[in-house]
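What follows is a single structure, written as structure tokens, with notes after it.
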Amino acid sequence: MRCLLLVFFITTLSAWAFAKQPGLVFVENKGQWPDDIRYRADLPGGFLFLKTSGFHYAFYDARETARRHAAAPTAEPVLPTIRAHGVGVTFAGANTQPELEARNAVATTYSYFLGNDPARWAGGVAGYSEVVYHNLYPGIDLRVFAYYQTLKYEFVIQPGADPDQIKLAYEGADQLSLADSRLRIQTSVNEFRENAPYSFVSRPEANGQSTAVEVATRWALDGNTARFTFPNGYDKTLSLTVDPELVFVTFTGSVADNFGHTATYDADGNTYVAGSVWGENFPVTRGAFQVSFAGKTSIGIMKFSPDGSTILFSATLGGGEADLPHSIIVNSKGELIVLGSTASTDYPTTAGAYQRKLTAQPGENIAVYGTYLPYRNAADMFITRLRGDGKALVGSTLLGGSYNDGLNLYTANAAAIRNYADEFRSEVIVGPDDDIYIASTTQSPDFPVTDGSVKAGYSDGVVCRLSADLSQLRWAARIKGDQADEAYSLRLASDGSLYVCGSTFSSNLGTAGALQPELAGVNDGFIAHLKEDKILAVSYLGTQNSDVASLLDIGPGDVPHVLGITKGLYPVSVGVYSNPRSGQFIHALSPDLSKTLFSTTFGSARDLASRTTIQGPDIAPTAFLVNTCGNIYIAGWGGIVNASKGYNTFSSTYGLPVTPDAYQLTTNGSNFWVGVLERGAKSLLYGTFMGDVRPLAPEDGDHVDGGTSRFDKNGVIYHATCSCRSNNFPATATAAAQQRGNANCNNVAFKFDTDKLKAAFDTYEGTRKNVVKGCTPLALTFKNTSVGGRRYEWLIGGKIIATSSTSATQTFTSPGSYTVVLRAYNPLNCLLIDSTNQVIDVGAADFRISKDTTLCPEKPVSLTASGADRYSWTGSTTVVNPTSSSISVMSSGSALTYQVSMTNAAGCTATKSVTVRADGSFRPKIAAESAPDCNQPTRLAFTNQTPGADRYVWAMGNGDTLRTPLPDQYRYAHSGSYTVVVTAYKAGCSLSQKLPIDYEDLSRLPNAITANNDGKNDLFDLGIKGAKLEIYNRWGRELFRSENYANDWGHNVAHGVYFYLLTTASGRQCKGWIEVLE
């Protein structure tokens, strides 16, 4: 698996990361711009300056900036000027000193080192998404803010304030007019307009909220002054907001152009990119004017977090003329070292620097071969140190002579190999003591060398060492012959000596004893070995045609390796990987440059019929590494930017070798290619494309505008590139910006790990993740989450159980501690193997629970679990003491289920259940009936419908006990209330039923009472409840009546015979007599 760590687009230095912050950023002026500018933001094809007194719009002809990018080779520089136009908007009659408040600071800080006056430098400047002009007019504020990717402004008029105060006086426009309710502003380079404003009043509601109610608003134009009118009026007791809509039209560019040059990294994995940005020191001029294209180009530097999601800083660097970065690197202190070329007489330098003035002759107007940028003076090199947080220059110097330095300008031989932007090939590295080493080119006869050499040809390669603080040139040496020589790349060996490579047309550059002491073709590559400023050996690297040694690195054993391009049949060693007759070569030499250790070619092998010539290189090399185990890493770009403009006619990424595990298997012919060869070039370990795969127009292919990118020693590449117009370089989801910020070109950086090797896996039990302990039998699945492995082994107890790249499974049937090991293999990585392990603890699970049981209804039973340290019971009924090992439950007859979750000391867990059933089928079901009759004994008739009982016991409530299924007719001695309890027995269990009985016996009614108050037989006691009683004398007169007789007649009744009528509760009537005795 290969890891694309990040891809992000860089738009402008003040508003470029719109995926993570507003599309427009208002950067505060801390002295980097003229004093009357308070904030600046980038607009489509221009800039907005916020002043105390108003706005200033500055636009440029974006078609011209686009035309200058990736232009065809030419012997003359492109036109040095760009058409521009400025429009001022003054707040007429406004407060001359409104308070400006910036809101919503963005995460990024901005630094500006423009010109050579430190007083005008500003580091760590803040940017904001909104600026408010408070009390611009009495009772009126103005908000200027970013709305998605557009600029918005609105006037907020407080209740009672007069909106007629607002007057916007336009100055500098070619034409100002009203059409279709729109205010149109025409300039010489574009048109923008203000649509009819959307205005509304805020009406308060009862709930404390407010409702926006639209107010009709129109533009009015009085000469060059615009104002607002309200044809239907509005409620001036409410707050009014007037919100014009600003639209930019008829332009071909968008937020400022910037181009990709160079990238590097630091020890923390942060990414640095440097490129060119346009317009950072744009003038505030009204009306049409022209600006120097070169003079408005600066160097943009950005630092990103390791994952690319955060912009740590952005910085702008340069002077009043052309400035370009060629190569960047980070030293041991975390400072960024920038090498480049400049034509600026005011390029920023620091006190004590080795050279503070441009020594190149003025007015040279260099014709840079096919580039977009003219150098109006001859060029010097610059070397600049930027503090790790980007907020300060800690060192900056120029380096050069009276002619051109830092540029590769030789174009006399049409057969030579040239890629787009090769003019800027050079490199900077740092030594163990942070001294700075550079490889570049000079045309100056008075370049400050220390080896005593003099200029002999058109140009010389030059190698220099400067002190870490850039105050001293410790030594400088020419690599020179009788024609043009150019130095491109260099590395330090372990003994402090240097190897340098480049291109030469000279016939007298080689040294005796070198592998190839003589020029072989039109031009050759070369490799030189130096000890300080003394050349130890130089060997040509070439064929009978044209060859270039582009990049260099040193492998194990101080073996120099060269990556180059060729139009010839470059030699291929026996036993190496190669694509014969291809246009790229790798050559490893002995440290003394006398022998070939191996050489090979790779590429598309798109050759001609000639035996000595091939079509040429596929790619322009951009990054090269030999890691600590000798594997070889290569990056480059090819395609239509080269081929369609006549640089390298056959440049293309079609046909380049890719491996099945490539991050990107296909190409549109104009992409980046990244490859890895095994040590000694024995095999191709990896190959992939990077970039947009859609068909593209000429000039829109993936490319670099000249400069170095780098691999770190772990095989992670940090790369700068340029994405233009129809190109849509793929971005990662967490990138700081995920789409291009303008319609022309943006710097794009990608960070890509070619050989990351990290073994990792997750454990699952079913769908449960991260299970590392359990009980027998424990079935686990191990899912591979490794990165970078090509082959895998799963081991338990030292034995391989699987070799799957996705997963392995294992069921543990015995208790114990098991170590699961995953080994990941990758021959690309110097580790070759990475492993990880996970200990799985498997415990014995002897969990037990009571068996399912049937019990007597309504009798408690004890349920017991064992084998655990912790218990948790739940069930059909509420459990008392649910954390004990035993619980007591009772069932009335239905089935009840109880669960217990158990955990033992080993961490094993289990859940078991038990069901308790009770047989209630024999529950008694009895009833009783009686039919009382006057003067007749009352007998009870029982019924028994109980199913399945074995025997019965009847407790009659009066002391009698009957053992029979069904008693015969039963008679109580007295009327009264009785409770019969019937108990049914079956299989040792019993169930009972209670039957309440009100017994009436009418055969034993009393016929005499003694009303003498002795407490014995004083009252007429019937022994019946709820009866109606009527008492009559012998003449039939009613003496007593009770509807619910309470056995209370007889008090104070004269002796004699009385007659009664008794009506029972059941409706039975009895007649009789009762004698009252004394």
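Mapping of the sequence shown onto mature numbering (1 follows the signal peptide of the UniProt record, and there is no 0): residues -19 to -1, 1 to 1059, in sequence order.
All residues carry an ideal CB built from backbone N, CA and C; glycine is no exception.
- Distance from the CA of M671 to the CA of Y644, rounded to the nearest whole angstrom, comes to 8 Å.
- Under the DSSP assignment, A624 falls in the alpha helix (DSSP H) whose first and last residues are I621 to A624.
- Inter-residue distance for A922 and A954 is about 16 Å (C-alpha atoms, whole angstroms).
- Secondary structure at A846: strand, using DSSP grouped into helix, strand and coil.
- Inter-residue distance for R660 and V768 is about 22 Å (C-alpha atoms, whole angstroms).
- Assignment of beta-bridge partners to G668 by DSSP yields G656.
- Runs of the beta strand (DSSP E) lying entirely within the region 351 to 421, each at least 3 residues long, are 361 to 367, 374 to 380 and 408 to 411 in chain order.
- Checking the DSSP bridge columns, you'll see Q791 partnered with L761.
- In the structure shown, Q146 adopts helical secondary structure according to DSSP, grouped into three states.
- Closest option to L665, judged by alpha-carbon separation, among K576, A604, V557 and A586: V557.
- Boundaries of the beta strand (DSSP E) harbouring V543: V540 to T547, taken from the DSSP string.
- If you check the CB distance, Q464 and T485 come in under 9 Å.
- Residue burial is scored here from C-beta neighbours: S421 has at least 16 other C-beta atoms within 10 angstroms and is therefore classed as buried.
- As DSSP reads the structure, C970 sits in a beta bridge with K967.
- If you ignore the 5 residues before and after D833, its C-beta comes within less than 8 Å of the C-beta of V895, T896, V897 and R898, all in its own chain and listed in chain order.
- The region 411 to 427 and the region 375 to 394 touch, with no fewer than 3 CB-CB distances between them shorter than 8 Å.
- Our two residues, Y128 and A22, have alpha carbons roughly 13 Å apart in a direct line.
- In the three-state scheme derived from DSSP, where H, G and I count as helix and E and B as strand, L983 is classed as helix.
- Judged by beta-carbon spacing, G105 lies within the 9 Å limit of S92, meaning their Cβ atoms are closer than that value.
- Its chain contains G12, Q13 and L95 as the residues whose beta carbon lies nearer than 7 Å to that of R101, once the 5 sequence neighbours on both sides are disregarded; these appear in chain order.
- Nearest to D304 by alpha-carbon distance, out of S1023, I280 and S290, is I280.
- In this structure, N76 lies away from Y41, with their beta-carbon atoms at least 9 Å apart.
- Straight-line measurement puts the Cα of V443 at about 27 Å from the Cα of L578.
- For T896, the uninterrupted beta strand (DSSP E) run begins and ends at T890 to A899, by DSSP.
- Look at the beta carbons and you see the region 802 to 815 touching the region 770 to 783: at least three pairs across the two are nearer than 8 Å.
- Separation of the CB atoms of S180 and T192 is rounded to 15 Å, and the pair is thereby denied contact status at 8 Å.
- Fewer than three Cβ pairs drawn from the region 790 to 797 and the region 811 to 820 lie within less than 8 Å of each other, which leaves the two stretches out of contact.
- Counting C-beta atoms within 10 angstroms of its own C-beta, W1054 has fewer than 16 neighbours from the protein chains shown and is therefore classed as exposed.
- Assigned with DSSP and collapsed to three states, G214 falls in coil, not helix or strand.
- When Cβ pairs closer than 8 Å are counted between the two stretches, the region 237 to 256 is seen not to touch the region 200 to 213, the count staying below three.
- Taking the C-beta atoms as reference points, I821 is found no nearer than 9 Å to V881.
- When rounded, the separation of the alpha-carbon atoms in F903 and E839 is 13 Å.
- The C-alpha of K694 lies about 29 Å from the C-alpha of T784.
- Inclusion of S651 and V607 in the CB contact set at 9 Å is not warranted, their separation being larger than that value.
- Rounded to the nearest angstrom, the gap between the Cα atoms of L367 and N312 is 10 Å.
- Per DSSP, N629 is not a residue of any beta strand (DSSP E), being assigned neither H nor E.
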